[in-house]
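S.K.: My structure is below; once you've seen it, I'll send some questions.
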Amino acid sequence: MIIPAHVSGLMSDDTPTIRKSLRTRLQTPASGPGRYSPPPRRGRARGRPRGRPRTVKEEQTSTPRSTPSNRSTPMRTSKSRKLNRGIENGHPEFMQIPEYWSSEDEKSGDSDACEVHSSPEEDCSFLEDEEREYDSTIIEELNEEDFSEDEDVPDFPLPIGSDDIPVEPENLLDAFEVYETCRTHYRLLMLSPFCIDDFFRVLRSQEQSRLLAEIHIAFLKFALRDDEDEQIILASNDLNPSFSLLVALLEPMTYAEVLRQYVESDMYRFPDNVRTILNETNYPFCGAKERLVVLRFLCRRFYDSVTYRKTVNLRNEVKYKHDDLCRVCAQNKSASPGLIYRCSFCEAIYHSKCLLTITGYLPQNLPSWECRVCEVHKKTPGVSITDLHPENHNLRMEQLGEDRHSRVYWFVGRRLLVVDPMKKNVVYYSTIPQLYPLLHSIGDGRFEKRLHRRLNAEFQRIEGEMRVTLELTMQRYDQLAKHKTDLIRDVYFVLDNVIRLAQIYHKYNEVDVGEEECDLVSSVRNACGIDQNGQLIDNFWVSEYTEAEITEIGEDLTQVPRSERVENLIRRRANGFRLGLIENDFRCYKNQYACNDYARSLQVRAKEKDRKKYMSGKFALDVSFVWIYPKGRDLFGPAFQTCKSIQWTLDEFRKKIPKPLFHRLWADYEETFKNNLDSADTVQKLKMVLLKMECAIRKPVFSSVWWNSLGHTTLHRYSVDEKELKRKEGSAKSRSMKNVMKSQPTDEDSEVVWVKFRNGVQPKHTLWRAKDEEYRLNGFRQLGGWIWKSKTWTRTFVEGGPPKVPRGITERSDPAQFTKNSPEYRAWKLDKVVSRYMYWRKIGDGYEHLEARYKKRKETCFSPMCRMGMKYITYYGPNSGYQLCYNPECRAVFKRYVGPTNGISKIVRPDKLARKDAHPKKNFGVEDSFPLPEPFSYRSRATGKSSILHLKQPILRRLARQGGISNKVFMHGFSRTAKPNPLFWNIPAPRPIFDNCWRYLTFNAKSLHAIALQLRVMFACIRWADLLQEEGENKHIVHGVDGEEQRVVVGHREHPPDGYYEQYKVRVYKLKDADDLDEAEMDECDDSEDYVEGRIRSGRRPKRKKTAKSQLAPKKTEIIERWVDGVDLKLWEIRNYWSTYGRRTLP
C-alpha cells in the first residue's frame, strides 16, 4: 500500500516507518487465544507496552560506543529516547514524518511494497528534538501496561462489515488514498471537491466521465507546472511547438494520450506497470484496478513535488498570504476606494466595487466571508473542506489505534476501516448499527486502551458523519424516485440497520447483573436510538420500521431454518439501493477552476493567456473545434459512443475543407472513404481512415509547422543537473577527439594507436577512399561510427524441384544405365541441344509455319484486308513492299517494329501493338494525376517491428546506392538542416519533421484518446484563415514599395514520387503608381470640377472626386510569369484554380 503524506500507514505490517530502535513483537494467532511472552531485554532499551502482540521484521542495529564525536548532552538523549519510544509505539504525534516514493517497488512487481526516502532537510523540519516539546500525557500513555504478561489474550473476531462500496476490498485503500489526496489538497490541484460515493461510482463504471477526466487533468497539469518550476525540460527549444501543442490540447478527450507520453518521458523514475497500462489498454476504458494504479502514481507524483514541500513549510508561518491584486479588475488593494474583501477559504481578494458588480450585493460579515467559488465548494454534499489557515491542515491522517491482533483502525470517508496487515483485507462500517457489535466487543478497552480512548474521543464526529451518509442516501433516493417509476423500492442501509438492530435487541439489549456498561458502548447504544430501558426512541436508522417489527425480526433471526420473512428481507437487502451503484451526480460534476476564471489567480490566468497567444501564432487554436455527440447526451459515455463522436467529428472536419483542396482523385475515392468511416468501430480502423484522409489533403493546406518544423515521437525528461552532466560528457568527448587529431607518433602519453603502412610509403589517395575503410569518414564527420548496411538487391535462393527424367527411363530401367557419365545420358543431352538449335534455325528461314497458329484468332482491326489474312512483312523478304493494311495504326506499328532484316528476332501481334500504341505514356504531375497515396506502415518486413527510421522502398533504394550519406537524396519526413541534439535524438540520422512524427504516432495509436489527440493536432495545423476570401476579390493584390502586384495562378506541376510537393505557375501584373506617370498623363487625369489651375488655396481644399476618365487613365503594366511553391499561395487561390481547371479562360 502506498501511503500519502497526509495518510500515514493506511495499511499493514509493511507500512514504511522510520524507527531508531525496534523490538521483536509476537503475533497472536487469529484462530484462538494465545500466550504472550516478552522478548529478552537488551540493555536499557524499552519495548512496547506488554500485552500488545504484533509481528514485525526484526532489525538488528549495532550501537556504536560513546565517543566525543557522537556523545550528546543528557537532555537531548532523553528527548531522543522519548521520540524513539513514541515512534516505536506508532503514536500519531510522533508519526509526522514525510515520505517520498520510489519507483523500485513498482518495478519489482509488488504493489504493496514501498520504500521511504527522506532527505536531511525534511528530517530536520520534522524531527528537531530541541524545537519540539511533547505532552507529558503522551509519555504516560506510552508507559501504560494493558495486561499482564501471563494473561490469556482472548480471540477477537471482527463482526460482519458493510457492503455499500462497489470496489473490491483489495483496492479499497487505494481508492481512499486517492480521494483523500483530492479532497485535502484541492486548492493546489485546482480541483473542486466531490463526494466519495461519486468517486466510487466513477471507478466502477467502464465509461469515461467528467469527474474522472477532471481528476486526471488536474494531476497532470500540476505535474507539468511543477516540472516548469523545477526547470525540468521535456523537449528542446526546436521541439517546443510540438510539445506546447500537446499541452494546449489537454482536454477530457485527449488526457490519456498526453499522460502516456508524459509517463514515457522518464523510463527510470516512473513505474513500469503504469506505462504498461497506458500502452497496452484502451485507457480510460478499463477496470477500477488499472485506474487506481494510474491515480496512485499521480498521487505519488504530487507528494514528490516541490510545490507540496513549500506547502508543508507554510505550516510554520503564522499568517497565510492573500493575493495582492483583485481578481476582477487586476488592480492593487489601494487602487479602488472602499473595503477589501478577503475570502476565508482561499487566497482571493475583491474590491467592494468589483464584488458588487459580480454578486449584486455586499456581504456584512467580513471576518468569515466566503467568495462565490468557495460557497459552491461548501455546498458539495458529503464533503467537508478546511479553511485557509495552515495550522488546520493535517499533513498526515492519524490512525485511531490497533487492537490485540495488530489490526489498524482508521476513520476516513465517513467509514470506519479495519485493516488486517496479515490477511491483507479490509472491513469497513458505514452506520452506527453496523459499528455497535464492533465497539461492544472492544468493551472497556482492557486490551485496546489507546484505541478505546481515541474512539471515545472521536465518537461524536464519527456519529455525525455516519448520519450524513444515511441522509445523503435517502436524499438521492427521493430525487430519483420522482423521475423513475422502476426504481428499487428498498434502501440498503435501512434494511441492513433493521437486521442489525434486531440482533442488538436479541443479543446485546440486557446487561449482566453486576456488570457496568462502559461509556463507549453506552454512547453507541444511545446513537442507535435505544435508551437505557431498551426501548427504541429514535427511528432515524430504520426509517418507518417500529420497535415491535424489529423485535419480531430479531426473534425470527434465531430460528433454524430461517423464516420466509427473514429470507425475503435478506434478499431485498442484497438488491437494495446504494449510492455507489447508481448514476450519481458525477455526470453533473463541474470543476470551478476550469469553468470559472475567478477561481484561478491572476498569475495563472496571465500565463495561460500568454501561452495561448504564442501558440495561436503557430497553430489554429483560435478556430473553434467542437466534438459532435448524439443529441440529448454529452461528450462522456462508453467506448462505442466516444468512437462515434470521433467518426462524426472527422466527417464534419472533412466537410469543412473544400473539395478542390483534396487530391485530384479524391472525388472517385470519397464514397469509399465515407463507407470506411461509417464502419470504423475500432481503433485500428479509425487510425487508418484518419491516415488516408491526411494523405488526400494537399500540402499547401497545412501550416508551415506541419512540413517545416521538427516533431517528437517520445518525450525525454531531464533535470538541470542531468542536462549539465550530459553537456559535460559531450564537451569531454569533443576534447578527446581534438586531442586525438593533434596527437603525434612521438607522444609518450598518447593513447592513440598508430598503424604503420606495409610498404613504408603513405597511400596516394585519401585513406577513407580505400576499400573497407569507409567507416573512417562515416565515423568522424557523417554517421558517428555507424555503417550503412542496406543494399538494393537481395538474393533469395529457392530450392529446385526434382530433376526431369529423360525419355526412355521408366521404373523398370536400370539406374546404372542413365548416370551422367553413361553414353545414353550424353546422347540424350546432345539430342536436346540439336532439337533446340534446329527450332531457332527454322524460325530464321521463315515464319509461314506460324500462320496456322493464328487462324482462329479474333481480329480487332476494322480493315477487311487484316480480317482476310495476316502476312508478316519484311523490307527484304519475299513480301517486300506489300502493304497489308490501310489502317494508319497498323502501318505505324509495322513500320516501327519490323526492321531491315531477312530474319525475325521477335514476333509481334499487330492488334496488341495497336492497343499499346493507342495508350501513350502519361505525363504525371501536369495533365495526369499521381495515384492516391497509401498510408505508410513504418514496419520492417523482416522483423515486423515499428520504427520511424523505416523509409519507403524508392527512397531506401536511392539511399542504399549512395551509402546513406548523399545530400542529393531527399528523404520525405526528415530535415537535413536541423541541428543535431543528442539529448532528444541520439541517432546519427536527420531528425524527423512534424508531419512524419504525426503519421508515426497515429499509426501506433492504441487508444481512442490517441486518435482524438491526433485529430485535434491535424485540425490545429490547417490554414483556416487563408480559406477566407473577401467579397469581390478574384485576384491576390500585394501592395509593395514600387506599386501593386496582382497575382493569378495559371498553371501547376506536381513532383514525384506521389505528387505531395506541388508548384504553381503564377502570372504577376505589376501596376505602376500615379507618381510615376508623365505630366501630360497627370493633366489628362485632373479633369474634376473642383480643380482650377493657379487658384490660391484658402483653408482646406475639398477632396477631389474621381471621374470615369481618371479611373480609366493609362497605367503602365508589366507582366511576369514565375513558378512558386504551393505553400506560398493563399488557399482560396488554389481552390479557385482547381475549381475552374480545364474550363477556364486565362486572362
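At position 381 of the sequence shown (counting the first as 1) the number is 381 in the UniProt record's numbering, and the numbers step up by one without a gap. For every residue, glycine included, the Cβ atom is placed at its ideal position computed from N, Cα and C. Fair warning: this is a prediction, and the values are worked out from it, not measured in the lab.
If you measure from the beta carbon of leucine 212 to each beta carbon in chain C, is any gap under 8 Å?
M.R.: The question asks about chain C, but that chain is absent: this structure has only one protein chain.
S.K.: Consult DSSP for tryptophan 541 and reduce its assignment to one of helix, strand or coil.
M.R.: Counting from one through the sequence shown, the residue named residue 541 turns up at place 541. DSSP places tryptophan 541 in coil when its eight states are reduced to three.
S.K.: Just to confirm before moving on: does the CB-CB distance between isoleucine 1022 and alanine 620 stay below 8 Å?
M.R.: To locate residue 1022, count along the sequence shown from 1; it is residue 1022. To locate residue 620, count along the sequence shown from 1; it is residue 620. Going by C-beta atoms, isoleucine 1022 is nearer than 8 Å to alanine 620.
S.K.: Between the alpha carbons of proline 935 and phenylalanine 199, how many angstroms are there, rounded?
M.R.: The residue given as residue 935 occupies position 935 in the sequence shown. The residue given as residue 199 occupies position 199 in the sequence shown. Those two C-alpha atoms are separated by around 42 Å.
S.K.: Residue ranges of each beta strand (DSSP E) run of no fewer than 3 residues wholly in the UniProt domain "PHD-type" (323 to 377), ordered along the chain?
M.R.: 340 to 342, 349 to 351
S.K.: Decide yes or no for the touch test of the segment 711 to 725 against the segment 676 to 693: beta carbon pairs closer than 8 Å, at least 3 of them.
M.R.: no
S.K.: Using the beta-carbon count (16 or more within 10 Å), is threonine 73 buried or exposed?
M.R.: Numbered from its first residue, the sequence shown carries residue 73 at position 73. Low confidence applies here, because threonine 73 scores a pLDDT of 37, under 50, leaving its location unreliable and the question unanswered by this model.
S.K.: From isoleucine 349 to serine 601, what distance separates their C-alpha atoms?
M.R.: Within the sequence shown, residue 349 is the residue found at index 349, counting from 1. Within the sequence shown, residue 601 is the residue found at index 601, counting from 1. So the alpha carbons of these two residues sit roughly 10 Å apart.
S.K.: Touch check for the segment 421 to 437 and the segment 368 to 385: three-plus C-beta pairs under 8 Å?
M.R.: no
S.K.: Classify tyrosine 308: buried if its beta carbon has 16 or more other beta carbons within 10 angstroms, exposed otherwise.
M.R.: If you number the sequence shown from 1, residue 308 lands on position 308. Buried.
S.K.: Report the residue from Gly1059, His1052, Cys299 whose alpha carbon sits nearest the alpha carbon of glutamate 1121.
M.R.: Stepping through the sequence shown from its first residue, residue 1121 is reached at position 1121. Minimum Cα distance to glutamate 1121 is reached at His1052.
S.K.: Are leucine 661 and arginine 698 close, meaning C-beta to C-beta below 8 Å?
M.R.: Along the sequence shown, one-based indexing puts residue 661 at 661. Along the sequence shown, one-based indexing puts residue 698 at 698. Taking 8 Å as the Cβ cut-off, leucine 661 and arginine 698 qualify as a contacting pair.
S.K.: Could you pull out every residue in the same chain whose Cβ sits closer than 7 Å to the Cβ of serine 543, ignoring the five residues on either side in sequence?
M.R.: As a first step, residue 543 must be located in the sequence shown, where it is residue number 543. Excluding sequence neighbours, serine 543 sits near Val494.
S.K.: When DSSP builds the beta bridges, which residues end up paired with arginine 991?
M.R.: Counting from 1 along the sequence shown, the entry for residue 991 is found at position 991. Paired residues: Ser975.
S.K.: Where does the unbroken beta strand (DSSP E) through residue 1205 begin, and where does it stop?
M.R.: An answer regarding residue 1205 cannot be provided, because it is not within the stretch 1 to 1147 covered by the chain.
S.K.: Would you check if the segment 440 to 458 and the segment 198 to 217 touch, i.e. whether three or more CB-CB distances between them fall below 8 Å?
M.R.: no
S.K.: What residue does the beta strand (DSSP E) around histidine 420 start on, and which one ends it?
M.R.: Start at 1 with the first residue of the sequence shown, and residue 420 comes out as number 420. The sequence shown places aspartate at residue 420, not histidine. Here the beta strand (DSSP E) through aspartate 420 covers 415 to 420.
S.K.: Between cysteine 346 and cysteine 374, is the Cβ-Cβ spacing less than 8 Å?
M.R.: As a working note, residue 346 is residue 346 in the sequence shown. As a working note, residue 374 is residue 374 in the sequence shown. Contact: yes.
S.K.: Skipping 5 residues on each side, what residues in its chain have a beta carbon closer than 8 Å to that of glutamine 503?
M.R.: Here residue 503 is taken as the residue at index 503 of the sequence shown, counted from 1. Excluding positions up to five away in sequence, the list reads Pro437, Gly554, Leu557.
S.K.: Starting from aspartate 1125, trace the beta strand (DSSP E) both ways and give me its first and last residue.
M.R.: The residue labelled residue 1125 in the question sits at position 1125 within the sequence shown. Note, aspartate 1125: beta strand (DSSP E), 1117 to 1125.
S.K.: How many Å lie between valine 753 and glycine 617 at the Cα?
M.R.: Working through the sequence shown from its first residue, we reach residue 753 at position 753. Working through the sequence shown from its first residue, we reach residue 617 at position 617. About 55 Å.
S.K.: With DSSP as the reference, label tyrosine 629 as helix, strand or coil.
M.R.: Along the sequence shown, read from residue 1 onward, the residue named residue 629 stands at position 629. Correct three-state label for tyrosine 629: coil.
S.K.: Look at serine 236 and phenylalanine 984 and say whether their C-beta atoms are less than 8 Å apart.
M.R.: Against the sequence shown, residue 236 aligns to sequence position 236. Against the sequence shown, residue 984 aligns to sequence position 984. Cβ distance < 8 Å, so serine 236 and phenylalanine 984 count as in contact.
S.K.: Let me confirm a value: glutamine 684 is counted as buried when at least 16 other C-beta atoms fall within 10 Å, else exposed. Which label applies?
M.R.: Position 684 of the sequence shown, counting from 1, holds the residue named residue 684. Flag for glutamine 684 reads exposed.
S.K.: Mapping DSSP to helix, strand and coil, what is isoleucine 657?
M.R.: In the sequence shown, residue 657 corresponds to position 657, counting from 1. Three-state DSSP puts isoleucine 657 in coil, outside helix and strand.
S.K.: To the nearest angstrom, how far is the alpha carbon of lysine 1006 from that of glutamate 280?
M.R.: Translated into the one-based positions of the sequence shown, residue 1006 becomes position 1006. Translated into the one-based positions of the sequence shown, residue 280 becomes position 280. One C-alpha to the other measures close to 7 Å.
S.K.: Which of helix, strand or coil does DSSP assign to tyrosine 589?
M.R.: For the purposes of this step, residue 589 is taken as residue 589 along the sequence shown, with counting starting at 1. Tyrosine 589: coil per DSSP, three-state reduction.
S.K.: Is the CB-CB distance between valine 491 and methionine 466 below 8 Å?
M.R.: Residue mapping note: residue 491 aligns to position 491 of the sequence shown, counting from 1. Residue mapping note: residue 466 aligns to position 466 of the sequence shown, counting from 1. For valine 491 and methionine 466, no; Cβs fall outside 8 Å.
S.K.: Excluding five sequence neighbours on each side, which residues of the same chain lie with their C-beta closer than 8 Å to the C-beta of serine 69?
M.R.: Against the sequence shown, residue 69 aligns to sequence position 69. Caution applies to serine 69, whose pLDDT of 39 falls short of 50 and renders its modelled position unreliable; the value that the coordinates give is listed next. The beta carbon of serine 69 sits closer than 8 Å to no other beta carbon from its chain once the five residues preceding and following it are set aside.
S.K.: Report all residues from its chain with a CB closer than 7 Å to the CB of serine 975; omit the five preceding and five following residues, and keep chain order.
M.R.: Position 975 of the sequence shown, counting from 1, holds the residue named residue 975. Counting only Cβ-Cβ distances below 7 Å, and skipping sequence neighbours, we find Leu710, Pro990, Arg991, Ile993.
S.K.: State whether the segment 397 to 405 contacts the segment 450 to 469, with contact taken as three or more CB pairs (one from each stretch) at a distance under 8 Å.
M.R.: yes
S.K.: Could you tell me the distance, in whole angstroms, from the CA atom of proline 193 to the CA atom of histidine 185?
M.R.: Position 193 of the sequence shown, counted from the first residue, corresponds to residue 193. Position 185 of the sequence shown, counted from the first residue, corresponds to residue 185. Their backbone Cα atoms lie some 9 Å apart in a straight line.
S.K.: How should lysine 449 be labelled, buried or exposed, when 16 other C-beta atoms within 10 angstroms of its C-beta is the threshold for buried?
M.R.: Position 449 of the sequence shown, counted from the start, is the residue given in the question as residue 449. Lysine 449 comes out buried.
S.K.: Can you name the start and end residues of the beta strand (DSSP E) that tyrosine 429 belongs to?
M.R.: As a working note, residue 429 is residue 429 in the sequence shown. Its beta strand (DSSP E) spans residues 425 to 429.
S.K.: Tell whether a beta-carbon distance below 8 Å holds between phenylalanine 625 and arginine 1016.
M.R.: As a first step, residue 625 is located in the sequence shown; it is residue number 625 there, counting from the start. As a first step, residue 1016 is located in the sequence shown; it is residue number 1016 there, counting from the start. In contact: phenylalanine 625 and arginine 1016 (Cβ atoms closer than 8 Å).
S.K.: Hey, out of His712, Asp163, Lys221, Ala696, whose CA is closest to glycine 973's CA?
M.R.: Counted from its first residue, the sequence shown places residue 973 at position 973. When each option's Cα is compared against that of glycine 973, the closest is His712.
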